[in-house]
Amino acid sequence: ALLAKVLESLGLLNFRSIFDENVAKRTPETGREVIDSDWFKEWLMDLLGGIVWGTGMPGAGKTVLACIVIERLQKLVEESESKDICLLFAFCRYTERLMVIDILLAILRQLLERHPQVLPYVKPMYERHKRENTRPSEAQVVDLLRQIATSGLFKKTLYILDGLDEAASDIQVDLIEILSSLPVHFFITSRPLDTLKDLVPNARFFTIIASDPDIALLIDQKIHRIPALRKLLINDATLKSEVVSIISSKSSGMFLLASLHLDMLKGCASESDVRKALEVLPIGMDGMYDKTMDRIRALPGPQAELAKRVLIWVTYAQEPLSAEELVLAVSVCPETFRFDGKRKPADIDAILSLCCGLVQLEASLSSSADRFEDYSAAEYMVEKLEQHYPDDPHALIASTCISFLRHYGFHDVSSLGCGDDAAIWDRFASLRQEQTSMANYPYKYWGFHVAQSRMILPSALAFLDDCRQYPSFPTHDDRGYIHDAAGSGKVGMVSRFLGLGLGANINARDENGHTALAHAVLYGSRDVVMVLLGIEGIDYNCVDSKSRTPLTMAAEGGFTGIVDELLELEGIRIDSRDDEGLTAMAYAVSSHSGNPRIIRSVLQLAQFDVNARDIYGRTALAYAVRSGSYYSVEALLKVEGVNIRCVDEQGITLLMCAAGRGEVAMVSRFLGLGLGANTNAKDAEGRTALAHAASRGLREVIRVLLGVKGIDYNCVDAKGQTPLMKAARSADDGAVAVLVELERIEINSKDNKGRTALAHA
1 ALLAKVLESL GLLNFRSIFD ENVAKRTPET GREVIDSDWF KEWLMDLLGG
51 IVWGTGMPGA GKTVLACIVI ERLQKLVEES ESKDICLLFA FCRYTERLMV
101 IDILLAILRQ LLERHPQVLP YVKPMYERHK RENTRPSEAQ VVDLLRQIAT
151 SGLFKKTLYI LDGLDEAASD IQVDLIEILS SLPVHFFITS RPLDTLKDLV
201 PNARFFTIIA SDPDIALLID QKIHRIPALR KLLINDATLK SEVVSIISSK
251 SSGMFLLASL HLDMLKGCAS ESDVRKALEV LPIGMDGMYD KTMDRIRALP
301 GPQAELAKRV LIWVTYAQEP LSAEELVLAV SVCPETFRFD GKRKPADIDA
351 ILSLCCGLVQ LEASLSSSAD RFEDYSAAEY MVEKLEQHYP DDPHALIAST
401 CISFLRHYGF HDVSSLGCGD DAAIWDRFAS LRQEQTSMAN YPYKYWGFHV
451 AQSRMILPSA LAFLDDCRQY PSFPTHDDRG YIHDAAGSGK VGMVSRFLGL
501 GLGANINARD ENGHTALAHA VLYGSRDVVM VLLGIEGIDY NCVDSKSRTP
551 LTMAAEGGFT GIVDELLELE GIRIDSRDDE GLTAMAYAVS SHSGNPRIIR
601 SVLQLAQFDV NARDIYGRTA LAYAVRSGSY YSVEALLKVE GVNIRCVDEQ
651 GITLLMCAAG RGEVAMVSRF LGLGLGANTN AKDAEGRTAL AHAASRGLRE
701 VIRVLLGVKG IDYNCVDAKG QTPLMKAARS ADDGAVAVLV ELERIEINSK
751 DNKGRTALAH A
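Residue 28 in UniProt numbering sits at position 28 of the sequence shown, and the numbers go up by one each step.
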């Protein structure tokens, strides 16, 4: 009983369905090159763990390979007599944006399901959070996974992570940093992510590409699933050989491309048709997608229109639709936006076939849902769909959602239960959960699509006017309508939503910690901000997931009017710091020109701490110097008590910073303030202000600094390099000439590697 309760507390996220589906559809005997390779066997044999990272282009078979590896390792686990091998896996999907904590909890749940003996390790965390009614943090789950991995329960722990590139960029970094810190064997698949390689310098990278034999196996298997093509090729070995050869060469090692190529042969009725089709098969994914879109647009009018609506829904829906939901969504008349059962397609296969292989029904993390055949197709659609279909896609989806809200009576929820409150809410809840209804998606996202549309939709205003009792259950799952309207600057929509009583949870936060006020600030809508600030109980000092307040967001965005409105509020926290320790003033001075109005407004507040430091030890004045804004520097220098001798965590002074950025006027200003007495100060790497200027060949700054009495122009840094060596490396002859002219310059001085300035040139 305890095990079941602990499992339930870890959530319902399950990656098994994705694994099962991909194993079922893979071509037998593919992927042998990897699992039979010496390096793969060495990775498995290494008791200390290690990271193997396979990268491949779209459609190269990364997910299928990951599943083949999982399948192979499962056999290894089953064959282990001592049962001391732990195998865990996870999949990232662009259609289901998971947070790091979601993935970690799912991995922990999987671990507990497969190995109940770890329950004593998980139990204390479960009991604590049950008692405090809280959720485990990322750090707690990671510590628990590390504790289990080092407990001695398992000889080996193997993690497989597929589709890392489909996660948001910040999630990618967090996942790599967190999971690679665990003492486990780690196998990753993704597109090339070169910016992340530095995070795992000891990883073994390999390229995922479909081999010609694997492509041939796929083609042979798929031909058998196309009856007309199979009949043409079954007794013509020469033609079949041509099909395999040409598709193999044009697929460039991508299973997806080979599969789409074969889809283009479906309509061939003769040997001549096949040869003609082979001649015009496109090369590359973009060419294939363009060709596929041409095929869709060439369909008969009603079919092309239906395929268009399918593509719009799959591209712009905020979560994957089930097969039944998609069928219902495209059944709404695009002219009247009324649901018409007579327009309902026969089944999901009937509409997916119109998309010529671009869209498929596959297992998601919760159910079967529609998504593009590959992440690359989704990216292509976002870029190209508007070009092919210039209509407003969000307006289409929003109007369809409103149609279903009316159809189910959500504009007057009292009509659902004949006056019985319990019956009303039971019926409302059941409608949202029914697999055969289209109630849940419209309820959750109609406001989002209204906000994203290019105009205020008359249908949306009419729906709001007709609303008598709208069901509002603010939960962490449901996107707030006011959030969406505020985030697109639609003040009229915000006012109408508030009029419906949807402001009761005005301080609710989305997955990024943003409230409706934060969304309005980020959009830069002063009108919406003013409306929201008029709501009783609004929290204008709320912080998001990065600890930024609306004021810091407004300062960063340069929204002077919003900053002025916020600074008028009693209790506004002017010195609130984000996760990096930055204040509103630090953001205000960080733009290149600085924002005079915002800077003046903040400086007028007595409680402003001009010397507040961020996590790197930098003050607002340091950020002003870094931004190159002379106005910002001057404004801050006039503040009483400003510290002009501040040094950051790297030992960099204001003079070094200005010198390294080539700010001649700032360098002269700081020298005039008496900072020249410490011109020879060195940072953590042993570099002086002169060294900073020389490394970038900034001859004018070099001349100014050389005018300071007592400057050491032969000083060496931690690498033994002099300013002359750095100037030589910068390839600026003028900077070198200025230094060479000095009477006591040490031209032949050598650095720690024995190199002179000439060797650096």
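For glycine and all other residues, C-beta sits at the position ideal for the given N, C-alpha and C.
Please confirm whether residue i and residue j have their CB atoms less than 8 Å apart.
i           : j    : result
I209        : G59  : no
H115        : C86  : yes
G357        : D510 : no
residue 835 : V142 : Residue coverage of the chain in this structure runs from 1 to 761, which leaves residue 835 outside it and unanswerable.
residue 763 : R699 : Because the chain here runs from 1 to 761, residue 763 falls outside it and cannot be looked at.
G710        : K682 : no
C542        : T552 : no
Y540        : I572 : yes
L621        : L654 : yes
T292        : L326 : no
V244        : A216 : yes
G61         : F255 : yes
A727        : G754 : no
L453        : A395 : It is Ser, not Leu, that sits at residue 453 in the sequence shown. In this structure, A395 lies closer than 8 Å to S453 by Cβ.
L112        : L119 : yes
P345        : F404 : no
S668        : V704 : yes
Name the DSSP beta bridge partners of residue i, please?
i    : result
S190 : T55
G50  : H185
A90  : L161
E96  : R93
F339 : V332
I85  : K156
V647 : T653
Since residue i and residue j are thought to touch, with beta carbons under 8 Å apart, how far apart are those beta carbons, to the nearest angstrom?
i    : j    : result
V528 : V563 : Not a contact, Cβ separation roughly 15 Å.
Q147 : Y126 : The pair is not a contact, with the Cβ atoms about 14 Å apart (cut-off 8 Å).
G489 : S525 : 4 Å
E71  : V34  : About 12 Å separates the two Cβ atoms, so there is no contact after all.
S459 : S547 : About 39 Å separates the two Cβ atoms, so there is no contact after all.
E649 : G617 : 4 Å
L354 : I296 : 7 Å
L533 : A486 : About 12 Å separates the two Cβ atoms, so there is no contact after all.
L73  : L158 : 6 Å
L196 : I176 : 6 Å
D614 : E580 : 5 Å
L161 : A90  : 5 Å
V589 : A624 : 4 Å
If you follow the beta strand (DSSP E) that residue i is in, where does it begin and where does it stop?
i    : result
Y159 : K156 to D162
L204 : With the sequence shown as reference, residue 204 is identified as Arg, and Leu is not the correct amino acid for it. Per DSSP, R204 belongs to the beta strand (DSSP E) from R204 to T207.
Looking at the secondary structure, which residues open and close the alpha helix (DSSP H) in which residue i lies?
i    : result
T238 : A237 to K250
L255 : First, the amino acid is wrong: residue 255 is Phe here, not Leu. First-last of the alpha helix (DSSP H) with F255: F255 to D263.
F19  : R16 to K25
T549 : No alpha helix (DSSP H) contains T549, which DSSP labels as neither H nor E.
Q74  : K62 to E79
Q147 : E138 to A149
L739 : D733 to V740
A684 : Segment: none, A684 is in no alpha helix (DSSP H) and carries neither H nor E.
H129 : L119 to E132
C678 : Correcting the residue type first, residue 678 is Asn in the shown sequence and not Cys. Element bounds for N678: n/a, residue is neither H nor E.
V667 : V664 to G672
A398 : P393 to H407
Q172 : S169 to L179
D349 : I348 to L352
I215 : D212 to I223
L232 : P227 to L233
F497 : V491 to G499
H449 : N440 to Q452
P302 : G301 to Y316
D286 : M285 to R297
V642 : Element bounds for V642: n/a, residue is neither H nor E.
A584 : A584 to A588
Exercise for the section: Indicate whether the contact test is met: 3 or more Cβ pairs, each with one atom in the region 313-321 and one in the region 296-304, closer than 8 Å. Expected result: no
query = Are the region 34-47 and the region 168-183 in contact at 8 Å, needing three or more beta carbon pairs?
reply = no
For this session: Count the C-beta pairs between the region 274-284 and the region 83-99 that are closer than 8 Å, then say yes if the count reaches three, no if not.
Result: no
Quick check: the region 18-28 against the region 211-227, are at least 3 beta-carbon pairs closer than 8 Å? yes
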